[in-house]
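Novice:
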Amino acid sequence: QAKADGRGSLRFFSPEIMLRARERLSLEAEMRRALERGEFRVHYQPQLHLYERAVTGLEALVRWQHPERGLIAPGAFIALAEESGLIVPLGNWVLREVGRQMRAWLDEGRAPGYVAVNLSALQLGSEGFVDSVQAVLRENGLAPGRLELEITESCLMADRSRAIATLETLRGLGVRLSIDDFGTGYSSMSYLQHLRVHRLKIDMSFVRDLETNPGNVSIVTAIIALGHSLELDIVAEGVETPEQLARLQRLGCDLIQGYLIGRPVPAAEALDLRFAPGHPLAGLLSV
Ligand code: C2E
Ligand code: MG
Ligand code: MG
Ligand code: MG
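Each residue of the sequence shown is one higher than the one before, starting from 456 at the first, in the UniProt record's numbering.
1) Look at the Cβ atom of Arg702, then the Cβ atom of Leu665, and state whether they are nearer than 9 Å.
2) Starting from Ser633, trace the alpha helix (DSSP H) both ways and give me its first and last residue.
3) Which same chain residues end up closer than 8 Å to Ile674 when comparing Cβ atoms and leaving out the 5 residues on each side of it in sequence?
4) For Gly489, count neighbouring C-beta atoms within 10 Å of its own C-beta (all shown protein chains included) and say buried if the count is 16 or more, exposed if not.
5) To the nearest angstrom, how far is it from the Cα of Ala509 to the Cα of Ser481?
6) Just reading off the alpha helix (DSSP H) that Asn573 is part of, what are its end residues?
7) Taking the beta carbon of Lys458 as the centre, do at least 16 other beta carbons fall within 10 Å, making it buried, or is it exposed?
8) Are the stretch 526 to 539 and the stretch 724 to 739 touching, with three or more C-beta to C-beta distances below 8 Å?
9) Express the C-alpha separation of Gly540 and Glu483 in angstroms, rounding to a whole number.
10) Closer than 7 Å from C-beta to any heavy atom of ligand 3: which residues, in chain order?
11) Report yes or no: do three or more beta-carbon pairs, one from the stretch 682 to 702 and one from the stretch 645 to 656, lie closer than 8 Å?
12) Can you tell me the Cα-Cα spacing of Thr624 and Gly554, whole angstroms?
Below is the structure:
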């Protein structure tokens, strides 16, 4: 068939695909070098607790400070890092950097309550992951509750029972767990059945058109009711407008995260959250 219809084989060898393969290889090699050269950065985005009226924690989000291309968002490299396995050393670097930064904040006498770190499946399944988490906590003198791990459905896909056992060990140590992008996977409910976590993060796709899509209001209402009945805190991601904030507040959401509160920023700016007079949150923060 491929011989008879040359298009199939041509497509396979098309310059476009060759180029893409070469680009991937070079991007992968470049990422390896970047890790050695210290080109990755961690930015931090605030999570505002609506009842405590304070920023109780931050989410750590990795960026690549590329010498020519500038700051690159994780959307452009995380998937390839996962495919190539580079996510393991990269993710462990993020964890160590977060531990170091938390220690520095504590030494300054001004630290967030916790930092949430995104976990990839490969990293969770990697040899000695629990030990490396413990080492970061010990070396920086951090209480385990200072660290939150954000997991997604993919974390439980490969070797489910082993992943759950690892996460349970971490929870037993006092590390907090949250489910990221909740509601988007095929088996969101099934994690809740198999794994005890501290919080659910409602995916931003449900938050985005909360005001125009009544279906999303129903979904968010249901997630909040479900989470609360399991005694979990609910975090809404991607909150951009005062209308979304007001709606989430009425629905009883516990925490919000999004550009309305603050974008991810370098550590030096992460604790200086101030709202200008007139900002919908100006009156909310007690600190
Ligand atoms: P995520 O963990 O679901 O993080 C939320 C993403 O939404 C972040 O994108 C954040 O900057 C963005 N965001 C926050 N508020 C708003 C908003 O109001 N509007 C909009 N439009 N976006 C908002 P970012 O930083 O580009 O990260 C994308 C994804 O990359 C993350 O999604 C996470 O899955 C992954 N990621 C980031 N850092 C790491 C890491 O250290 N390790 C791993 N394994 N994955 C990471
Ligand atoms: Mg996350
Ligand atoms: Mg998310
Ligand atoms: Mg995500």
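For each residue, glycine too, the CB sits at the ideal point set by N, CA and C.
Here the structure is a predicted model, which means the values were calculated and not measured.
Specialist: Reading it off the structure:
1) Sequence index remark: in the sequence shown, residue 702 carries index 247 (1-based). Sequence index remark: in the sequence shown, residue 665 carries index 210 (1-based). In contact: Arg702 and Leu665 (Cβ atoms closer than 9 Å).
2) Here residue 633 refers to the residue found at position 178 when the sequence shown is read from its first residue. Boundaries around Ser633 are those of the beta strand (DSSP E), 631 to 637, since no alpha helix (DSSP H) includes it.
3) On the sequence shown, position 219 is the one that residue 674 refers to. Same-chain partners within the cutoff: Gly638, Phe661.
4) Residue 489 sits at position 34 when you count from the first residue of the sequence shown. Note on identity: in this sequence residue 489 is Ala, with Gly being the wrong assignment. Looking at its Cβ environment, which holds 16 or more other Cβ atoms inside 10 Å, Ala489 is buried.
5) The residue labelled residue 509 in the question sits at position 54 within the sequence shown. The residue labelled residue 481 in the question sits at position 26 within the sequence shown. Roughly 44 Å between the two C-alpha positions.
6) Along the sequence shown, one-based indexing puts residue 573 at 118. Premise fails: Asn573 lies in the beta strand (DSSP E), 569 to 573, not in any alpha helix (DSSP H).
7) Position 3 of the sequence shown, counted from the start, is the residue given in the question as residue 458. At Lys458 the pLDDT is 43, less than 50, meaning the model places this residue with poor confidence and gives no usable figure here.
8) no
9) For the purposes of this step, residue 483 is identified with residue 28 of the sequence shown, where counting begins at 1. For the purposes of this step, residue 540 is identified with residue 85 of the sequence shown, where counting begins at 1. Roughly 10 Å between the two C-alpha positions.
10) Asp635, Asp636, Lys656, Asp658, Met659, Glu692
11) yes
12) The sequence position of residue 624 within the sequence shown is 169, counting from 1. The sequence position of residue 554 within the sequence shown is 99, counting from 1. Taking the straight line from one Cα to the other gives about 19 Å.
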